[in-house]
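Data block below; observations after.
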Amino acid sequence: MALQQLSDQQISTWTRAQKDDWWFKNVYRGNVPQLTIRSGVTGFFLGGVLAATALYIGGKTGIGIGVGLTSVILSFAIFRSLHGAGLARDFTILENNCTQSIATAAGYMTSPLIASLSAYMLVTGRIIPWWQMLVWMVTVAILGVLVAFPLKRRFINQDQLPFPEGRACGVVLDALYTGGAAAGMFKARLLGLTALGAGLYQLLISDGWMKLLQFRLLRMDRWAGLKEPWTFHDRLDTYYYTAAVKLNLWIPRILGTDVRQLGLRLTLDAAMLGVGGLMGIRVATSCVLGGFVNYAILAPIMIEHGDIVQRTSPGGVVVPISRAEIVNQWALWWGVTMMVIGSLVSLLGRPEIFTAAFKSLRGNTATDPAAAGVAADPLRSIELPLGVSFVGVPIFCVLGASVTHSFFAVPWLLAFISLPLILVLTVICTNSMALTSWTPTGALSKITQFTMGAIDRSNPASNLIPAGMTGEIAANAANLLSDIKPGYMLGAKPRQQAIGHVIGIFSGALVCIPLFFLLFLPPGHDGVRSTATIVSEQFAMPAAMQWKGVAELIARGIGNLPLSALVSMIVAAACAAAIEITNIAARGRMPLSAVSIGLGVVLPPEYTLAMWAGALLFWLTGRRYSSPGTRGYAYWKEGCEPICAGLISGSALVGIGNAIVNVVFF
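Right, dumping it as structure tokens:
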């Protein structure tokens, strides 16, 4: 059926009870199957797969990728194909919506692994046991669910806020099941074919898969005398440098430093092309600019000046200058400053988020339901009872403080002090998500981090873990409401969506925690794991580096930084503020983003270049094929997200498989 919605006048004048009564009579689909065994199982496994790809990309870029629309298209295509083959009934629209809700919740579970928890391990050198990760992450995520549902009645039922990302899912679902099936299958095929191509390419550049194929299956080490497997180099300039060594060719340098030490490489990374297509030309260009300024200009100057040097590890091993050393020794400080100041100014430049937040905190002043001529609560039997939240929130707050104290040695006082921030941060995050599809958890978590750090500077866990907890609760609550929005548009049962979200929490945690150890904490030749492997050339962990930088700044104080680093931080703060203020004044038309420039500082420059290439490709094709209804428009404009999702998922899944092959067989 066509999507129905209230008019602006009805939204502003009706009571919540009237709106609930209207929704129940006109939108609610009654007993249409929603949280069924097959939708739950599909969401659980699909969520696990998509969460794995999100962890892989998050480790590389620090960017969280949305999996909602991808799961919608995949679920639709799977069951439409099974139905066509006579093997299963087609999914109902609400089953598909429930599956995407589960899958999306699973994707959210990667956030602490690539941010606060990784930063804690980097700062302390302590590996968190897997079971402690599981308990802490699930506790925090469920607390986010419990906090969200009392707000749901305000933001969705009463205020009817747009939640653009959630609304997009609802519109796509409605189109697929009311006449857009052919378009949905086209997008699914586009995603599948792109994933297949990206996967094959990733196979060719994967050492583990090539060892397995050439040495274990084809036995080329015996009959062909191969000592190392042949692989295609994704770093395309490797071929030039190999020839340069043999032929004594020119090696490019900047102020005497080899560009390879600066991380200035030419890499063909299919996943990064997809990430760039999703992030858009403005963000990708900002990342490239940050990387260019840092690695091509500032880093060579600081190396020549002596502020970035070779160092000796505690074991007496000389650590040469590399991209990672440039970030750790110097660049991290101005990059983090750009991200923090930029996100804070951008947040403060959206006063409607705060005014709406304070309005929400004041509560609903609507008239008595009985006076409106409707039942007291027409949704009582399908909403999650408020009593569950009123009882569950205090219990899980105490549980969260307990595990924070027991697992990370955060003092009880600091663990409990951080808890009152949950409601305020959640309301702000939810308003931001409702209006802009942006959750400012990075900026808001820094408020908690600096507040806790001002009380206790000696223990990094005292600011990292409480900030991680409050930020994740706020983000989970805001994202859950965004997931509930399409269900509200389509007439789903909110109670079943809440249960589905919890299923997704366990799906994401059970997949991502073992995968985190496999990708970022693999055992060494002696069988011992080390936090030194969390950040590598393959996984830059930029989000964790940002959290780590703030924690170290709190612990060490700015007085212990090199003078050049202090100057760069001051300049970066001024530039970030100027960029974001200009963007606010220009109503979002500023072609640069301060946060993205800072992100480009901590990302490998080869990744930023690949992301920019992907963004440029889709920007140019979008301008070239701008007429709806044409074949080019269907491929490049409407097919942008499926193509990008295919590039990411194909590369990530084969890349994850490569890590598994190396651990199991080699």
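Residues 1094 to 1759 in my numbering are what the sequence shown lists, from first letter to last.
Heads up, the beta-carbon is just placed ideally off N, CA and C, and yes, glycines get one too.
The structure displayed is predicted, hence computed values, not measured ones.
Asked                                                                                                                                                                     : Found
Within the same chain, show all residues whose beta-carbon is closer than 6 Å to that of Y1294, passing over the 5 residues directly before and after it, in chain order. : A1363
Below 8 Å on the Cβ atoms is my guess for T1135 versus S1168; work out the distance and round it to an integer in Å.                                                      : 6 Å
Taking all protein chains shown into account, decide if Q1127 is buried (16 or more other Cβ within 10 angstroms of its Cβ) or exposed.                                   : buried
Are the Cβ atoms of G1367 and C1605 separated by less than 8 Å?                                                                                                           : no
CA-CA distance, A1459 and G1580?                                                                                                                                          : Because A1459 carries a pLDDT of 44, less than 50, the predicted location of this residue cannot be relied on, and the following value inherits that uncertainty. Those two C-alpha atoms are separated by around 24 Å.
Quick one: complete alpha helix (DSSP H) runs, 4+ long, within the stretch 1102-1179?                                                                                     : 1109-1119, 1130-1154, 1161-1177
In the DSSP assignment, what are the bridge partners of D1351?                                                                                                            : R1346
Using a Cβ-Cβ cutoff of less than 7 Å, which residues in the same chain neighbour M1704 once the five nearest sequence positions on both sides are dropped?               : M1365, V1368, G1369, M1372, A1377, C1380
In this structure, how does DSSP classify R1309 when only helix, strand and coil are distinguished?                                                                       : helix
Using 8 Å as the threshold, is the stretch 1670-1681 in touch with the stretch 1327-1338, meaning 3 or more CB pairs across them?                                         : no
What first and last residue would you give for the alpha helix (DSSP H) that runs through L1382?                                                                          : 1374-1384
On the DSSP bridge list, what partners appear for T1360?                                                                                                                  : R1328
Using only CA atoms, which one of I1150, G1177, P1513, M1432 lies nearest to A1665?                                                                                       : M1432
Across which residues does DSSP place T1405 in a beta bridge pair?                                                                                                        : V1411
Can you tell me whether V1142 is buried or exposed, with buried defined as 16 or more other CB within 10 angstroms of its CB?                                             : buried
Report yes if the C-beta distance between G1691 and V1429 is below 8 Å; otherwise report no.                                                                              : yes
I need the DSSP call for L1512, collapsed to helix, strand or coil.                                                                                                       : coil
Excluding the 5 residues preceding and the 5 following G1748 in the sequence, name in chain order all residues of the same chain whose CB lies nearer than 8 Å to its CB. : Y1149, Q1295, S1299, A1364
Assign K1320 to one of three DSSP states: helix, strand, or coil.                                                                                                         : coil
Between the alpha carbons of N1751 and G1301, how many angstroms are there, rounded?                                                                                      : 5 Å
Is there contact between the stretch 1615-1622 and the stretch 1198-1210, where contact requires at least three CB pairs shorter than 8 Å?                                : no
Quick one: what does DSSP say A1738 is sitting in, helix, strand or coil?                                                                                                 : helix
Compare the beta carbon distance of P1393 and I1347 with 8 Å and say whether it is the shorter of the two.                                                                : yes
Between the stretch 1630-1649 and the stretch 1212-1226, can you find at least three pairs of beta-carbon atoms closer than 8 Å?                                          : yes
Between the C-alpha atoms of C1490 and A1591, what's the straight-line distance to the nearest angstrom?                                                                  : 19 Å
Just to confirm, is the Cβ distance from M1526 to S1575 under 8 Å?                                                                                                        : yes
Between N1556 and A1644, how many whole angstroms is the CB-CB distance? I'm expecting something under 8 Å.                                                               : 6 Å
Which same chain residues end up closer than 7 Å to T1626 when comparing Cβ atoms and leaving out the 5 residues on each side of it in sequence?                          : F1613, L1614, P1615
Output yes or no for whether 8 Å exceeds the beta carbon distance between I1195 and G1151.                                                                                : no
Which of helix, strand or coil does DSSP assign to Y1700?                                                                                                                 : helix
In three-state terms, what does DSSP make of Y1092?                                                                                                                       : Not covered by the structure: residue 1092. The range shown for the chain is 1094 to 1759.
From T1217 to P1553, what distance separates their C-alpha atoms?                                                                                                         : 8 Å
Looking at the unbroken alpha helix (DSSP H) that takes in L1296, where does it start and where does it end?                                                              : 1274-1297
Taking the straight line between their C-alpha atoms, what separation do you get for T1360 and P1697?                                                                     : 10 Å
Give a yes or no on contact between the stretch 1247-1267 and the stretch 1174-1194, applying the rule of three or more CB pairs nearer than 8 Å.                         : yes
Pick out whichever of S1689, W1729, I1753, G1597 has its Cα sitting closest to the Cα of L1611.                                                                           : I1753
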